[in-house]
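Trainee: Got a structure for you, questions after.
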Amino acid sequence: MEVHSSQWTMQMKESLLEMIKSERNHGEKGRIIAKMNSLVDADVIKALYKASMEGVQIDLIVRGICCLRPGVSGISDNIRVRSIIGKYLEHSRIFYFKHAKPAIYISSADWMPRNLEKRFELMTPIYDQALSLKLLDLLNLQLNDNVLAWELQNDGEYRLCQLLEGQKPINSQTFLEQYVNRLYKATKKTTSSNYLTKKKKIFK
294 MEVHSSQWTM QMKESLLEMI KSERNHGEKG RIIAKMNSLV DADVIKALYK ASMEGVQIDL
354 IVRGICCLRP GVSGISDNIR VRSIIGKYLE HSRIFYFKHA KPAIYISSAD WMPRNLEKRF
414 ELMTPIYDQA LSLKLLDLLN LQLNDNVLAW ELQNDGEYRL CQLLEGQKPI NSQTFLEQYV
474 NRLYKATKKT TSSNYLTKKK KIFK
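FYI, the numbering for the sequence shown is 294 to 497, going by the working numbering.
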């Protein structure tokens, strides 16, 4: 499926269901990664279950409420759910559908009935390849977090991700904090340099 522009409310839900179905049609070659605050919408959850039953690998990063049960035999064996809890409040919504065109989307909406059916929300495809890859890297970073991640079990309980012996600690929030600081310093340096150059030209 191909999405060309920003979509709102019911258009968005239809597109999400279509993209989940498309991954389902690809079976074991399908791949879905979705980051959001809450997952409640019954239609979306059913679609994810069906995709899982066809072999699609699904990773969900859900900070708050999650009504989907992962790891249920024959239903959600291929679905994993984790929550990143740290000093920063996780609030972004990023969706990856391997076979969609483009594959990465950002959105204002959680996968809840109130967001997908009642409110005015937007979902925007990311066409820039470099930005798309950065967002996918962010999703994979959080999937590899073994410090702040809590994993949802099929009994509804969350367990803190355990650091295995010899495994390097990966704290996604610390990594992003350092990354943003480096960007800030680089931007500040460039801005200051440009300002001084312009000042010299003005008063030359």
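Ideal Cβ placement from N, Cα and C applies to all residues, glycine included.
1) Locate the alpha helix (DSSP H) running through Val337, then write down its first and last residues.
2) Going by C-alpha to C-alpha distance, which of Asp448, Tyr398 and Arg356 sits closest to Tyr381?
3) Since Ala393 and Met312 are thought to touch, with beta carbons under 8 Å apart, how far apart are those beta carbons, to the nearest angstrom?
4) Going by Cα to Cα distance, which pick from Glu444, Asp438, Ala340 and Ile326 is closest to Lys314?
5) Please state whether DSSP places Phe496 in a helix, a strand or coil.
6) Please report how far the alpha carbon of Asp421 lies from the alpha carbon of Val473, in whole angstroms.
7) Under 8 Å Cβ to Cβ from Leu456, same chain only, skipping five residues before and after it: list those, please.
8) Let's test the definition: count the other Cβ atoms within 10 Å of the Cβ of Tyr389 and tell me whether it reaches 16, buried, or not, exposed.
9) Look at the alpha carbon of Ser369 and the alpha carbon of Lys343, and state the distance between them as a whole number of angstroms.
10) Helix, strand or coil, according to DSSP, for Phe468 in the structure here?
11) So, for Ile399: in the same chain, excluding its five sequence neighbours on each side, which residues have a beta-carbon less than 6 Å away from its beta-carbon?
12) Considering just the uninterrupted stretch of the alpha helix (DSSP H) at Ala327, what are its terminal residues?
13) Is it buried or exposed, Arg317, if we count other Cβ atoms within 10 angstroms and call 16 or more buried?
Mentor: Inspection of the coordinates gives the following:
1) Ala335 to Met346
2) Arg356
3) 5 Å
4) Ala340
5) With a pLDDT of 41 at Phe496, under the threshold of 50, the modelled position of this residue cannot be trusted; read the value that follows with caution. Reduced to three states, the DSSP call for Phe496 is coil.
6) 20 Å
7) Asn439, Val440 and Pro462
8) buried
9) 8 Å
10) helix
11) Ile387 and Thr417
12) Run containing Ala327: none in the alpha helix (DSSP H); it sits in the beta strand (DSSP E), Arg324 to Met329.
13) buried
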